[in-house]
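Please read the structure below before turning to the comments.
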Amino acid sequence: MTAKAKTVLITGANRGIGAAMEGAFHSKGWQVISCMRKLTDQARPTEPGQRLSIRLEMDVTHQAQIDEVAKFLNENNVTLDVLINNAGIFPEPTDMSFRNLDLNWFHEAMNVNLVGTIRVTKTLLPLLAKSQNPRIVNLSSGAGSISQRSGRRYCYGASKAALNHFTRGLATELKPEGITVVALSPGWVKTDMGGSEADLEPESVGTSIEQTVQSLTLRQTGRFLDRLGNTGTYSW
Ligand SMILES: NC(=O)c1ccc[n+]([C@@H]2O[C@H](COP(=O)([O-])OP(=O)(O)OC[C@H]3O[C@@H](n4cnc5c(N)ncnc54)[C@H](OP(=O)(O)O)[C@@H]3O)[C@@H](O)[C@H]2O)c1
1 MTAKAKTVLI TGANRGIGAA MEGAFHSKGW QVISCMRKLT DQARPTEPGQ
51 RLSIRLEMDV THQAQIDEVA KFLNENNVTL DVLINNAGIF PEPTDMSFRN
101 LDLNWFHEAM NVNLVGTIRV TKTLLPLLAK SQNPRIVNLS SGAGSISQRS
151 GRRYCYGASK AALNHFTRGL ATELKPEGIT VVALSPGWVK TDMGGSEADL
201 EPESVGTSIE QTVQSLTLRQ TGRFLDRLGN TGTYSW
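So, in structure tokens, the structure goes:
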């Protein structure tokens, strides 16, 4: 791997917004480390002169796999500039009423959307330390807003609200070290999770997020951004 290339690691990069971000970052010359639960055999071809991108197996609920990724990156002397915690699930049927909730959906949502992000961040944090502009981007959602709470989405919404809480805390703690931490909501995107009625195409969202991440600095740490990097679209 090229030691000086800007490097981004994306979780859940095999489909949806994660795959779109992989494409967007790759096309802008980033070194992309795409992590996914099951490796696909359609690795993005690296043309001569392009920075090497790589796909690694990582389930965000499996600490041993996250450790393996960290070991591989350490052995290859990789410095991460950006960690994008994108992997996420929406376990409950949309609009499920409180009385019909299965408590397992809470466990699943928390384990992937909150604790998965924490596991990955805790394990990979040392790899960000050497970057000139280290950034952690947690994919959040308007459903995680408490002040703009609407609809049901109890399990997913609670997990994203907790993720927002974690994001603010981590931003405060890591600011003195120069590490930027933000929550970013992509908007309503046509993916397996967002559904076909959504108003945004994953490719355009991937492009917007790359631009936002590219210009992200410590001045924005602790903010809840939209895909274009604006604050104010979403409230905590
Ligand atoms: N789409 C929207 O409208 C929307 C809106 C707001 C926020 N978001 C957020 O944006 C992120 C991406 O959403 P999306 O729409 O692209 O969802 P998606 O199409 O359902 O894709 C989810 C991705 O997360 C991966 N994933 C799930 N559990 C995982 C685990 N345990 N370990 C590793 N990867 C795992 C999936 O991998 P598998 O293929 O292995 O399942 C898949 O790659 C999520 O955090 C979501 O909450 C999406």
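For the sequence shown, the numbering used here gives the first residue as 1, with consecutive numbering after it.
Heads up, the beta-carbon is just placed ideally off N, CA and C, and yes, glycines get one too.
In this text, all values refer to a predicted model and were calculated from it rather than measured experimentally.
Remark: fewer than three beta-carbon pairs, one from each stretch, lie closer than 8 Å, so the segment 25-34 and the segment 107-125 are not flagged as touching.
Of Gly151, Leu184 and Thr121, the smallest CA-CA separation from Phe98 is found for Gly151. Here the distance from the Cβ of Ile89 to the nearest heavy atom of ligand 1 is below 8 Å. Using a cutoff of 8 Å, the CB of Asn86 counts as near ligand 1, since one of the ligand's heavy atoms is closer than that. Taking 3 residues as the minimum length, the beta strand (DSSP E) runs contained wholly in the segment 56-121 are 82-85, in order along the chain.
By the beta-carbon neighbour count (other beta carbons within 10 angstroms, threshold 16), Ser208 is buried.
Counting only runs that start and end inside the segment 10-45, the beta strand (DSSP E) elements of at least 3 residues fall at 31-36.
Exposure of Ile146 is indicated by the presence of fewer than 16 other C-beta atoms within 10 angstroms of its C-beta.
Of the heavy atoms belonging to ligand 1, none sits nearer than 8 Å to the Cβ of Pro176. Secondary structure of Leu163 (DSSP, three-state): helix.
In this chain, Ile209 is not harboured by any beta strand (DSSP E); it is covered by the alpha helix (DSSP H) spanning Pro202 to Gln214.
Rounded to the nearest whole angstrom, the C-alpha separation of Val82 and Thr94 is 32 Å.
Remark: the C-beta of Met58 is in contact range of ligand 1, defined as less than 8 Å to any heavy atom. The C-beta of Glu75 has fewer than 16 other C-beta atoms within 10 Å across all chains shown, which makes the residue exposed. Leaving aside the five residues that flank Gly142 on each side, the residues in its chain whose CB is nearer than 6 Å to its CB run, in chain order, Ser185 and Tyr234. Between Pro202 and Ala20, the beta carbon gap of about 4 Å places them in contact (Cβ cut-off 8 Å). Of the candidates Val8, Arg55, Leu124 and Ala87, Ala87 places its Cα closest to the Cα of Gly16. If you draw a 10 Å sphere on the C-beta of Thr231, you find fewer than 16 other C-beta atoms in it, and that means exposed.
A distance below 8 Å between beta-carbons, with the five flanking residues on each side excluded, links Thr61 to the following residues of its chain, in chain order: Asn111, Val112, Val115, Gly116 and Arg119. As the crow flies, the alpha-carbon of Lys71 is around 43 Å from that of Asn100. The alpha-carbon of Arg55 is positioned some 32 Å away from that of Pro176. One thing to note: Ile66 has its Cβ no nearer than 9 Å to the Cβ of Val137. Between the alpha carbons of Val182 and Gln214 lies a distance of about 13 Å.
Checking the DSSP bridge columns, you'll see Asp226 partnered with Ser185.
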